[in-house]
Amino acid sequence: MTDSPSRVAIVTGAGRGIGAAVARRLASDGFAVALLDLASDAVKANADAITADGGRAIGIGVDVSDAESVETAVTEVAERLGPPTVLVNNAGITRDNLLFKMTESDWDSVMNVHLRGSFLMSRAAQKYMTEQGWGRIVNLSSTSALGNRGQANYSAAKAGLQGFTKTLAIELGKFGITVNAIAPGFIETDMTAATAERLGVSFEEFKKAAAAEIPVRRVGQPSDIAGVASFLVSDDASFVSGQVIYVAGGPKA
Ligand code: NAP
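Residue numbering for the sequence shown follows the UniProt record's numbering, beginning at 1 and increasing consecutively.
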């Protein structure tokens, strides 16, 4: 639980995977949660499931890379739930390819969703947080920020998010706002299933091979990330800011 004056959280990319798990967790922590995603049917269904469990949630269709769509959605959250004081920038895509095969569109799409999207969402939400004198922003980075074959676009975006996180922490700290990043390793979601498919291996084999390389000998689950997000948005984490927490079952990818 938290002493936030307004217990309203926004989670982007909450239609499935990590975002859906973070939204569920924050709802069970007592936040009213706005689930945002390109897929409006999915977020509405996820919000209905949270409401059925006794929480408070709404689902809104939004493209985080589009400034107008973001402004409209964040205003709608403030009107329907109250001023948002927690933002989890989780929406993401991959467009993997080796450099010589990577198209400009592969590059731009990944930059637009991860970097431009996190920038637009944070800019829109910070005004509510500064007014409340309390806020939490959590950005989803990745172990790929340390470099990953076939992901020049994605690793650049995820490393960029770490610099973005540290800079916002410096700028917004005096308003009672902390800004941190979670850098997951291998988490079992549609995103990693799509990577297995692209590499031509079954998801089961892919997970088994990944688990063998991870010190705790298992792949991660969305709930592993949700638990860390829950801590970072709590009052217990009020002196933690500008940090990147690797959640990868070991010290490195
Ligand atoms: P996922 O299952 O592919 O879910 C990503 C969600 O983001 C989808 O619901 C997707 O919507 C949404 N999205 C994509 N573009 C969007 C846009 N422009 N506007 C709004 N929503 C958009 O991915 P995940 O595995 O849960 O990953 C969540 C985050 O964690 C991402 O930032 C990812 O890079 C990061 N991460 C994941 C892993 C991993 O192993 N899974 C590891 C490190 C970091 P649609 O369904 O409509 O496409």
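A virtual CB, placed ideally from N, CA and C, is assigned to each residue, including glycine.
Whole angstroms are fine: how far does the CA of residue j sit from the CA of residue i?
i	j	result
A71	R123	The residue you asked about is not Ala; residue 71 is Glu in the sequence shown. So the alpha carbons of these two residues sit roughly 9 Å apart.
R136	K208	35 Å
G147	I93	17 Å
G61	F203	29 Å
L120	T75	13 Å
A23	P184	17 Å
K166	D224	23 Å
Does DSSP classify residue i as helix, strand or coil?
i	result
P222	helix
T2	Residue placement at T2 is poorly supported in this model, since its pLDDT is 47, which falls under 50; the coordinates still yield a value, given next. Residue state, collapsed to three classes: coil.
D37	strand
V240	coil
A21	helix
T195	helix
I170	helix
V113	helix
So does residue i have its beta carbon nearer than 6 Å to some heavy atom of ligand 1?
i	result
F206	no
M191	yes
V33	no
A91	yes
D37	yes
D108	no
L140	yes
I187	yes
R16	yes
Would you call the CB atoms of residue i and residue j closer than 7 Å?
i	j	result
A78	T12	no
A14	I50	no
G82	V8	yes
Exercise. Along the chain, which unbroken stretches of the alpha helix (DSSP H) at least 4 residues long are found entirely within the region 42-109?
Worked result: 67-80
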